[in-house]
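Colleague:
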Ligand SMILES: Nc1ncnc2c1ncn2[C@@H]1O[C@H](COP(=O)(O)OP(=O)(O)OP(=O)(O)O)[C@@H](O)[C@H]1O
Ligand SMILES: [Mg+2]
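Numbering (my numbering), first residue to last: 3 to 502.
#1: Can you tell me the Cα-Cα spacing of residue 506 and residue 468, whole angstroms?
#2: Quick check on the burial criterion: 16 or more other C-beta atoms within 10 angstroms. Buried or exposed for residue 260?
#3: For residue 384, does the three-state DSSP call read helix, strand or coil?
#4: Leaving out five residues on either side along the sequence, give the residues of the same chain with a beta carbon under 8 angstroms from the beta carbon of residue 400.
#5: Could you say which of 270, 221 and 164 lies nearest to residue 239 if we only look at CA atoms?
#6: Using 8 angstroms as the threshold, is the stretch 268-278 in touch with the stretch 294-314, meaning 3 or more CB pairs across them?
#7: Could you tell me which residues DSSP puts in a beta bridge with residue 470?
#8: What separation, rounded to the nearest whole angstrom, lies between the Cα atoms of residue 336 and residue 315?
#9: Report all residues for which the CB-ligand distance to some heavy atom of ligand 1 is below 6 angstroms; order them along the chain.
#10: Since residue 86 sits in a beta bridge, which residues does DSSP pair it with?
#11: Per DSSP, what kind of secondary structure is residue 420 in: helix, strand or coil?
#12: Out of curiosity, what's the CA-to-CA distance linking residue 440 and residue 199?
#13: Run through the DSSP bridge pairs and tell me what residue 436 is partnered with.
#14: If we ignore side chains and look at the alpha-carbon of each, how far apart do residue 498 and residue 265 end up?
#15: From the DSSP output, which residues share a beta bridge with residue 167?
#16: I'd like the ranges of any alpha helix (DSSP H) spanning at least 4 consecutive residues and lying wholly in the stretch 305-393.
#17: Take residue 255 as the anchor and find which of 209, 471, 387 and 189 has the nearest alpha-carbon.
#18: Which whole-angstrom value is the C-beta distance of residue 279 and residue 418, which I expect to be below 8 angstroms?
#19: Suppose you measure from the CA of residue 232 to the CA of residue 358; what does that come to, to the nearest Å?
#20: Express the C-alpha separation of residue 123 and residue 381 in angstroms, rounding to a whole number.
#21: Do residue 185 and residue 155 have their beta-carbon atoms positioned less than 8 angstroms apart in this structure?
#22: Which one or two residues does DSSP pair with residue 444 in a beta bridge?
#23: Can you give me the start and stop residues for the beta strand (DSSP E) that residue 279 sits inside?
#24: Cutting at 8 angstroms between CB atoms, please list the residues of its own chain near residue 2, excluding the five before and the five after it.
#25: What residue range does the alpha helix (DSSP H) around residue 483 cover?
#26: Would you kindly report the start and end of the unbroken alpha helix (DSSP H) that includes residue 256?
#27: Just the C-alpha distance for residue 221 and residue 204, rounded to the nearest angstrom, thanks.
#28: Could you give the distance in angstroms between the alpha-carbon of residue 433 and the alpha-carbon of residue 479?
#29: Starting from residue 212, follow its DSSP beta bridges and name the residues at the other end.
Now the structure itself:
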């Protein structure tokens with residue numbers, strides 16, 4: 003049956019005599035008796051709500067014994083189906099010729115899997131309805147070609163992040179909120195197999211001696227895994243899904259991430275080549291904001307982007323993308339963001355965009371901003387504009403640069419013009435909560451002024467935050483610059499919105 007896709011040598015096909023397969027197991031015990039599994043985890047099991055709540059079991063049985071029995075039978079059948087599926091997954095992976103799979107068309111492979119599954123099922127006397135069969139075939143296909151239980155989540159466009167905490171717990175983030183799913187892995191080995199599949203596809207390795215990995219998947223998604231023994235309760239996986247259609251300025255305004263006035267201001271700021279830092283917490287929308295801001299860059303400019311994991315999708319014609327590389331298992335071959343940045347300075351960029359500044363590259367980033375590559379942009383992890391400045395100072399100190407604090411601050415003040423603060427609020431909404439201009443130094447302190455902010459006014463009973471964007475009323479420090487570059491922003495943009 004594995005005509006084209008079976009391993010050519012020793013492995014025995016499902017159903018072949020002597021193969022460690024379902025038939026042997028099925029022969030050992032009749033279907034009904036094998037129904038109650040002792041293993042705690044079955045991929046399909048959690049999806050099935052118990053047919054009879056434990057507390058009501060005996061009462062209902064007395065009332066409608068036939069129905070209760072039927073429900074019980076159905077539950078057992080489903081449990082058994084879960085077991086069969088796990089075993090079938092295993093058999094398929096053990097027996098399929100993975101090299102041949104690469105060249106097989108999806109249609110052929112689906113047909114092959116479907117025929118194997120029906121054959122095995124019929125030999126086991128398991129009858130499935132059409133819907134169950136379709137679902138089983140789909141899951142088998144995902145297991146063989148893709149990432150098993152993760153596959154439906156990867157295909158679900160409403161999911162932003164996938165977070166796996168060991169084989170039995172998979173969370174997703176939808177609309178800014180974390181939700182526990184009913185997706186599970188059979189056991190840690192199953193989860194490790196999927197992790198291994200992911201990392202080996204991008205030429206990386208993860209095991210006990212090298213227990214964490216950060217990679218970009220072929221579809222652009224960001225992937226991080228940490229496996230035992232460092233991960234104590236089973237492997238930890240985080241996936242930031244790649245969005246093909248990144249949110250643009252218009253969508254961000256529509257979704258309430260910032261106001262039209264702020265968009266007009268930011269357009270002027272980016273077009274007139276102010277150096278911008280997008281600051282925010284984890285998953286607050288920094289990269290999305292950076293990407294959207296980059297759309298204001300003129301098509302004639304040469305842009306170089308540097309990232310640890312390439313996520314940015316710039317629409318301009320003249321873009322050079324770089325991605326840093328971690329060291330290999332021997333600890334060699336690393337190319338850091340700093341290496342990329344230094345090299346970028348020799349590549350005649352008009353603007354440099356660093357996906358996230360988190361270490362020693364801060365020095366070169368600030369220097370680039372100070373020396374003719376104005377209009378450069380980056381993001382940092384910080385909770386406010388002031389905090390962002392402290393983070394920059396810390397990064398400089400940790401990079402081993404011995405400079406008096408005042409000089410460090412002067413360097414930052416002259417390099418950075420604008421800090422845009424992104425935030426994920428408690429109701430899950432992502433908003434640009436503040437836009438702050440750096441206006442220079444006052445004594446030893448960097449002076450700054452907030453131009454726009456998100457004003458919270460209350461909370462709806464359902465937990466949704468009530469608030470609005472407003473200008474703070476200060477005149478932009480860069481008004482003259484905007485005007486000189488032809489961006490005559492109406493004064494109304496800078497007028498505060500009165501709270502209702
Ligand atoms: N305003 C928004 N409205 C709805 N979804 C958003 C918004 N901004 C960002 N997102 C979504 O939130 C997720 C996280 O966004 P993003 O990658 O930009 O965050 P980040 O701050 O760069 O995260 P990290 O700290 O992990 O790098 C993405 O899936 C993105 O599509
Ligand atoms: Mg990011």
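Here a beta-carbon is modelled for each residue, glycine too, at the ideal position from N, C-alpha and C.
Modeller: Per the coordinate set shown:
#1: Nothing in the structure corresponds to residue 506, since the chain is present only between 3 and 502.
#2: As a first step, residue 260 must be located in the chain shown, where it is residue number 258. Buried: at least 16 other Cβ atoms inside 10 Å.
#3: On the chain shown, residue 384 is found 382 positions in, with the first residue counted as 1. Looking at residue 384 - three-state DSSP - the assignment turns out to be coil, as it is neither helix nor strand.
#4: Position 398 of the chain shown, counted from the first residue, corresponds to residue 400. 361 and 362, listed in sequence order.
#5: Counting from 1 along the chain shown, the entry for residue 239 is found at position 237. Ranking the options by Cα distance to residue 239, first place goes to 164.
#6: Contact between the stretch 268-278 and the stretch 294-314 is present, because at least three Cβ pairs lie under 8 angstroms.
#7: Position 468 of the chain shown, counting from 1, holds the residue named residue 470. Looking at the DSSP output, residue 470 sits in a beta bridge with 457.
#8: As a position in the chain shown, residue 336 is number 334, starting the count at 1. As a position in the chain shown, residue 315 is number 313, starting the count at 1. Each residue's Cα considered, the two are about 24 angstroms apart.
#9: The set of residues with a C-beta under 6 angstroms from any non-hydrogen atom of ligand 1 comprises 162, 242, 245, 249, 254, 257, 259, 282, 284, 285, 286, 287, 288, 289, 290 and 432, given in chain order.
#10: On the chain shown, residue 86 is found 84 positions in, with the first residue counted as 1. Beta-bridge pairing links residue 86 to no other residue.
#11: By 1-based counting over the chain shown, the position of residue 420 is 418. Look at residue 420 here: in three-state DSSP terms it is strand.
#12: Locating residue 440 in the chain shown gives position 438, counting from the first residue. Locating residue 199 in the chain shown gives position 197, counting from the first residue. Going from the Cα of residue 440 to the Cα of residue 199 covers about 47 angstroms.
#13: In the chain shown, residue 436 corresponds to position 434, counting from 1. Note: residue 436 sits in a beta bridge opposite 423 and 455.
#14: As a first step, residue 498 is located in the chain shown; it is residue number 496 there, counting from the start. As a first step, residue 265 is located in the chain shown; it is residue number 263 there, counting from the start. Rounded to whole angstroms, residue 498 to residue 265 spans 16 angstroms at the Cα level.
#15: Here residue 167 is taken as the residue at index 165 of the chain shown, counted from 1. Answer is 238.
#16: Complete alpha helix (DSSP H) runs here, min 4: 339-346 and 363-372.
#17: Within the chain shown, numbered from 1, the residue matching residue 255 stands at position 253. Of the candidates 209, 471, 387 and 189, the residue whose Cα lies closest to the Cα of residue 255 is 471.
#18: Within the chain shown, numbered from 1, the residue matching residue 279 stands at position 277. Within the chain shown, numbered from 1, the residue matching residue 418 stands at position 416. Separation of the CB atoms of residue 279 and residue 418 is rounded to 6 angstroms, and the pair is thereby assigned contact status at 8 angstroms.
#19: If you number the chain shown from 1, residue 232 lands on position 230. If you number the chain shown from 1, residue 358 lands on position 356. Whole-angstrom Cα-Cα distance: 26 angstroms.
#20: Against the chain shown, residue 381 aligns to sequence position 379. Against the chain shown, residue 123 aligns to sequence position 121. Those two C-alpha atoms are separated by around 54 angstroms.
#21: Indexing the chain shown from 1 puts residue 155 at position 153. Indexing the chain shown from 1 puts residue 185 at position 183. It is a contact, given that the beta carbons lie within the stated cut-off.
#22: Residue 444 sits at position 442 when you count from the first residue of the chain shown. Residue 444 is bridged to 447.
#23: The sequence position of residue 279 within the chain shown is 277, counting from 1. Element bounds for residue 279: 278-282.
#24: Because the chain here runs from 3 to 502, residue 2 falls outside it and cannot be looked at.
#25: Position 481 of the chain shown holds residue 483. Counting along the chain, the alpha helix (DSSP H) containing residue 483 begins and ends at 481-486.
#26: Working through the chain shown from its first residue, we reach residue 256 at position 254. Counting along the chain, the alpha helix (DSSP H) containing residue 256 begins and ends at 251-256.
#27: Looking up residue 221 in the chain shown gives position 219. Looking up residue 204 in the chain shown gives position 202. The alpha-carbon separation between residue 221 and residue 204 amounts to approximately 11 angstroms.
#28: For the purposes of this step, residue 433 is identified with residue 431 of the chain shown, where counting begins at 1. For the purposes of this step, residue 479 is identified with residue 477 of the chain shown, where counting begins at 1. Whole-angstrom Cα-Cα distance: 23 angstroms.
#29: In the chain shown, residue 212 corresponds to position 210, counting from 1. Note: residue 212 sits in a beta bridge opposite 209.
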